[in-house]
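**Q** Just dropping this structure here.
2 protein chains.
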Amino acid sequence: MSDQLFLDNQYCFSLYSAANAVTRAYRPLLKELDLTYPQYLVMLVLWQHGRQRVSDLGNALYLDSGTLTPLLKRLELKNLIERTRSKEDERARDINLTQRGVELQQQAMDIPSTLACSITLSREELDQLKQLCNKLL
Amino acid sequence: MSDQLFLDNQYCFSLYSAANAVTRAYRPLLKELDLTYPQYLVMLVLWQHGRQRVSDLGNALYLDSGTLTPLLKRLELKNLIERTRSKEDERARDINLTQRGVELQQQAMDIPSTLACSITLSREELDQLKQLCNKLL
DNA sequence: TGATATTGTATTGTGTACAATATAATTTTA
DNA sequence: TAAAATTATATTGTACACAATACAATATCA
């Protein structure tokens, strides 16, 4: 009976702890760029796809405006992005990289390989993990 | 080059999003018990092992006192636990279930099976996911 | 076209996470 | 045994997550 409560725990708790551990692993690397992990994710989307609306970022990252609005304001304060009103739809915000935001990508280049070194999983295991997580979503 | 930044993203981002999705899935179920997911995790440890110190809970859940102290105070306000000083060591807190805390386990019995229904992974996939997450930790 | 509904963000409030620091009790050691 | 180090928890400050709500711009339709 409490058995059930314990077993179930294992699956989701592992996921929860591993996700916390990942953002902990990123923290020291991202600190050099003065970014948090969710801020880094936003920058990744912008580096790859350019101008995005808040809703585009929300769809890409599975986050809502309550999370993104203050996060984007912090990126704006750091002069990494601009938040302008869309010309087509005055309700929407266009999120654009500033020059400084574009340039930051250079500094981020080393992060993936550095992080890979501190991870004990093989490429195959990482692929498997990714697939399972995506199936769960 | 930005390729690298994108690929890396996939692995850790999947984990991060899946973990968020899991706490979202738990939310409506736990709302009936007036618990959050991390509060539920604390209760699971207490239901299974009884009296714990803050540091025991921290070790079990990979969380520190900055997270646990306010969380435990909320559980205390809800009359689910007591936070007494340890007799052996006055620095330590003994976290004990109240009668109401013990009784809440009955109401939690259905959660694992209910949640399992809303998850699309097979038992084998869940086992695999758990193993990979634990290896990552 | 004017009322109604929808859409895109923003705001508010609650609850984590965690670094950095503080504080008090216990242990160690000179 | 008194000072120094260690240990256990608490506090402070910053930054997510997200539900609930608000609000203004746009779209729909009677």
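Protein chains in written order, with the numbering used here: chain L, 25 to 161; chain R, 25 to 161. Here a beta-carbon is modelled for each residue, glycine too, at the ideal position from N, C-alpha and C. The model shown is predicted, which means the values in this text are computed figures rather than measured ones.
Since Ile143(R) meets chain L, which of its residues come closer than 8 Å, beta carbon to beta carbon?
**A** Leu160
**Q** Run through the stretch 33-96 of chain R for me and flag every whole alpha helix (DSSP H) of 4 or more residues, listed as ranges in chain order.
**A** 61-73 and 78-85
**Q** Can you tell me the Cα-Cα spacing of Asp42(R) and Phe30(R), whole angstroms?
**A** For clarity, residue 42(R) is Ala in the given sequence; the question names Asp instead. Those two C-alpha atoms are separated by around 18 Å.
**Q** Can you pull the chain R residues whose beta carbon is under 8 Å from the beta carbon of Glu149(L), in chain order?
**A** Scanning chain R for C-beta atoms nearer than 8 Å to the C-beta of Glu149(L) yields Leu156 and Lys159, reported in chain order.
**Q** Could you tell me the distance, in whole angstroms, from the CA atom of Arg147(R) to the CA atom of Ser137(R)?
**A** The alpha-carbon of Arg147(R) is positioned some 12 Å away from that of Ser137(R).
**Q** Looking only at C-alpha atoms, which of Tyr64(L), Gln76(L) and Leu65(L) sits nearest to Asn120(L)?
**A** Gln76(L)
**Q** I'd like the list of long-range same chain contacts for Arg98(R), defined as Cβ closer than 8 Å, with 5 residues on each side in sequence excluded.
**A** Gln63
**Q** Relative to the C-alpha of Gln129(R), which residue among Ala116(R), Lys111(R), Leu156(R) and Leu54(R) is closest?
**A** Leu54(R)
**Q** Spatial neighbours of Trp71(R) within its chain, please: C-beta separation below 7 Å, excluding the five flanking residues on both sides.
**A** Gln129
**Q** Under the three-state reduction of DSSP, which class applies to Asn158(L): helix, strand or coil?
**A** helix
**Q** For Glu106(L), list the residues DSSP reports as bridge partners.
**A** According to DSSP, which records beta bridges pairwise, Glu106(L) is partnered with Asn120(L).
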